[in-house]
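What follows is a set of notes on a single structure, which appears directly below.
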Amino acid sequence: MTKLSGGARTKDEATSVNRREQILEAAVVVFAEHGYFKATTAQVAEKVGISQPYIFKLFKNKEELFVAALDRAFDRTIRTFTEVKASGEELLRESIRVYEQMMETHPSEIILQVQALGIRDEAIRRSMQTGMHRVTSLMESKFTAAGIAHPEVEVSTFMANGMLCHIAMALEMPNLKPKHLE
Numbered sequence: 001m002t003k004l005s006g007g008a009r010t011k012d013e014a015t016s017v018n019r020r021e022q023i024l025e026a027a028v029v030v031f032a033e034h035g036y037f038k039a040t041t042a043q044v045a046e047k048v049g050i051s052q053p054y055i056f057k058l059f060k061n062k063e064e065l066f067v068a069a070l071d072r073a074f075d076r077t078i079r080t081f082t083e084v085k086a087s088g089e090e091l092l093r094e095s096i097r098v099y100e101q102m103m104e105t106h107p108s109e110i111i112l113q114v115q116a117l118g119i120r121d122e123a124i125r126r127s128m129q130t131g132m133h134r135v136t137s138l139m140e141s142k143f144t145a146a147g148i149a150h151p152e153v154e155v156s157t158f159m160a161n162g163m164l165c166h167i168a169m170a171l172e173m174p175n176l177k178p179k180h181l182e
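Here you go:
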């Protein structure tokens, strides 16, 4: 195995990274469909079309796989909100718009985050705390930069509405969604 010029990855390394992404994508869906406790790594492996032992070459156990899938979901949330470009009052509207779009395009990631709230595993709880802190900090910095008075209040309201939207989606109860977000 030799390194390619310019610091590029070898074919085996690129395949491994791609396979890891496929596993994480499948894990998000499997965990969202079955829940953490009922989902199996065998179901994830089947969805990807690989053997179950291959998953354990990349993740030491189901918990580590779940945490990696959850971290991936938060990474998408961060990327999505980082790309929001708006000022003043338009910032909130645009953030809500991209959030709703993300809920439509990546519903399993939203369900995964909702499920993780109820899991008392320390690694999963830490991942949720870190993810929520990252989103909250990002949005507070955006509201501050936009010159919004009391950005900490605005971000708290934004996050609370987002969590209510998460729950409304998970329960398939769109009537729970805050009316001002429609």
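Residues 1 to 182, numbered by the UniProt record's numbering, are exactly what the sequence shown covers, in order.
Glycine included, C-beta positions come from ideal geometry on N, C-alpha and C.
What you are looking at is a predicted structure, and each value in this text was computed from that prediction instead of being measured.
Query: Mapping DSSP to helix, strand and coil, what is L171?; Result: coil
Query: Using 10 angstroms around the beta-carbon of G131, count the other beta-carbons present and answer buried if the total reaches 16, otherwise exposed.; Result: buried
Query: When DSSP labels each residue in this structure, what does E64 get in the three-state scheme?; Result: helix
Query: Please list the segments of the alpha helix (DSSP H) lying wholly inside the UniProt DNA-binding region "H-T-H motif" (40–59), counting only runs of 4 or more residues, in order along the chain.; Result: 41–48 and 52–58
Query: Thinking just about the alpha-carbon of each residue, which of E90, F158, R20 and P174 is nearest to the one in S137?; Result: F158
Query: Closer than 7 Å by C-beta to E182: which residues in its own chain qualify, once you throw out the five before and the five after it? Chain order, please.; Result: Since pLDDT at E182 reaches only 49, below the 50 mark, its modelled position is unreliable, and no value is offered.
Query: Quick one: is M173 buried, meaning 16 or more other Cβ sit within 10 Å of its Cβ, or exposed?; Result: exposed
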